[in-house]
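Under the numbering used here, the first residue of the sequence shown carries the number 414, and numbering increases by one thereafter. No residue lacks a Cβ here, since even glycine has one placed at the ideal position from N, Cα and C. Values in this document were obtained by computation on a predicted structure and should not be read as measured data. Note sheet for the following structure.
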Amino acid sequence: MKLLPIFFCSLAGPLLCVGSVLVSHDVAKRAQPQGIDVSHYQGTVNWASVKAKGISFVYIKATEGTTYRDPNFSANYEGATTAGLIRGAYHFAHPDSSSGAAQAEYFLAHGGIHAGGWSGDGITLPGALDIEYNPGGAECYGLSASAMVSWISDFSSTYHAKTTRYPVIYTTTNWWKTCTGNSAAFANNSPLWIAEYSSSLGALPAGWRQALYSTGLDILSIERKILVIRLFGNMQTLDPIPETRTCSMAMLLGSNGKSFVVLSFSLAATAYKSFSRLFPPRACSIKF
Numbered sequence: 414m415k416l417l418p419i420f421f422c423s424l425a426g427p428l429l430c431v432g433s434v435l436v437s438h439d440v441a442k443r444a445q446p447q448g449i450d451v452s453h454y455q456g457t458v459n460w461a462s463v464k465a466k467g468i469s470f471v472y473i474k475a476t477e478g479t480t481y482r483d484p485n486f487s488a489n490y491e492g493a494t495t496a497g498l499i500r501g502a503y504h505f506a507h508p509d510s511s512s513g514a515a516q517a518e519y520f521l522a523h524g525g526i527h528a529g530g531w532s533g534d535g536i537t538l539p540g541a542l543d544i545e546y547n548p549g550g551a552e553c554y555g556l557s558a559s560a561m562v563s564w565i566s567d568f569s570s571t572y573h574a575k576t577t578r579y580p581v582i583y584t585t586t587n588w589w590k591t592c593t594g595n596s597a598a599f600a601n602n603s604p605l606w607i608a609e610y611s612s613s614l615g616a617l618p619a620g621w622r623q624a625l626y627s628t629g630l631d632i633l634s635i636e637r638k639i640l641v642i643r644l645f646g647n648m649q650t651l652d653p654i655p656e657t658r659t660c661s662m663a664m665l666l667g668s669n670g671k672s673f674v675v676l677s678f679s680l681a682a683t684a685y686k687s688f689s690r691l692f693p694p695r696a697c698s699i700k701f
């Protein structure tokens, strides 16, 4: 997973870009909550400093395959929790080494206080599956498209059975088209975190209308170069959503000269506390 800015976006409707990506400013006063994504590659993170700069949430690398646990995961997870950040874990997939179910189980067993899963405590994000180009071999890990879809389904259904939430899927559009045959099998359940390193979003994988968006833009770091996540441009806080609100749409014009992002999303009931609302069961249908 490359450490890049991320946006929540959709291809539908008017095309507008979300926000600047410079985290050196007072991000707490901006319209949308911001987060970061870290692993041991960032070294020791000063979580008090992260919180003070207005960062609201974090995704933390937990595991790879069934044998690797990020050596900084516990320190990062506990540090983020102590600092008052909403946090979640992600797993880097190795589909050629073991089954999706086995890797989901390993992720759940080694993913922090809530074991890589999801909790309704209002401070825990659903886990994310990082599935992308093979860093050490064939780009599709030697699997056919149908076998890859089955592997992801195995991981997803195992994770859902234990947590009642489907995992976020992090990938690239090109990899997804090549290695899953552009499957739409997960679009109704799993939020999409898409990596796109050109200056425009381009087409999303089949079935998805919205995604977390990674770009190749440079960012200023908090401690060093790390991922910045931006979500839900019309929300000032991470408070629970009122029961009466079911749908919303937000659009923000960015300051980086690009114009290609629309935010659109579903809202869940108050019972889905705090940031867990980012990935709720579908509460409504948004017309584009």
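What three-state label does DSSP hand residue i in the structure shown?
| i | result |
| --- | --- |
| Leu498 | coil |
| Glu491 | helix |
| Ala465 | helix |
| Tyr554 | coil |
| Ala560 | helix |
| Val440 | For Val440, the pLDDT reaches just 31, beneath the cut-off of 50, and the residue's location in the model is therefore unreliable, although a value from the coordinates is still provided. If DSSP states are grouped into helix, strand and coil, Val440 belongs with the helices. |
| Thr537 | strand |
| Ala597 | coil |
| Ala356 | Residue coverage of the chain in this structure runs from 414 to 701, which leaves residue 356 outside it and unanswerable. |
| Thr457 | coil |
| Asp509 | coil |
Can you give me the Cβ contacts of residue i inside the same chain, cut-off strictly under 7 Å, excluding the 5 residues immediately before and after it?
| i | result |
| --- | --- |
| Gly478 | His507, Ser510, Ser511, Gln516 |
| Ala598 | Val562, Ser566 |
Report all residues from its chain with a CB closer than 8 Å to the CB of residue i; omit the five preceding and five following residues, and keep chain order.
| i | result |
| --- | --- |
| Ser559 | Gly594 |
| Gly550 | Asp509 |
| Glu552 | Tyr546, Trp588, Thr591, Cys592 |
Residue j and residue i - do their beta-carbons sit closer together than 9 Å?
| i | j | result |
| --- | --- | --- |
| Tyr579 | Asn547 | no |
| Thr586 | Gly524 | no |
| Tyr503 | Leu542 | yes |
| Thr576 | Pro539 | yes |
| Gly501 | Phe470 | yes |
| Lys474 | Phe505 | yes |
| Thr457 | Ala488 | yes |
DSSP beta-bridge partners for residue i?
| i | result |
| --- | --- |
| His504 | Thr476, Leu542 |
| Tyr519 | In the DSSP output, where bridge partners are listed per residue, Tyr519 has none listed. |
| Tyr481 | Glu477 |
Please return the same chain residues whose Cβ sits closer than 6 Å to the Cβ of residue i, not counting the five positions on each side in sequence.
| i | result |
| --- | --- |
| Thr571 | Ala514, Ala517 |
| Lys442 | Note on Lys442: pLDDT 34, under 50, position unreliable in the model; the coordinate value appears next. None. |
| Trp564 | Pro508, Gly513 |
| Ala600 | Gly620, Trp621 |
Would residue i be called buried (16 or more neighbouring beta carbons within 10 Å of its own) or exposed?
| i | result |
| --- | --- |
| Val431 | Legend: pLDDT at Val431 = 27, less than 50; position of this residue unreliable, no value from coordinates given. |
| Thr480 | exposed |
| Gly492 | buried |
| Ser596 | buried |
| Asn459 | exposed |
| Pro604 | buried |
| Tyr454 | exposed |
| Pro484 | exposed |
| Thr537 | buried |
| Ser557 | exposed |
Flag residue i as yes when its Cβ comes closer than 8 Å to any non-hydrogen atom of the ligand MG, and as no otherwise.
| i | result |
| --- | --- |
| Asn602 | As for the ligand MG, it is missing from this structure, which has no ligand bound. |
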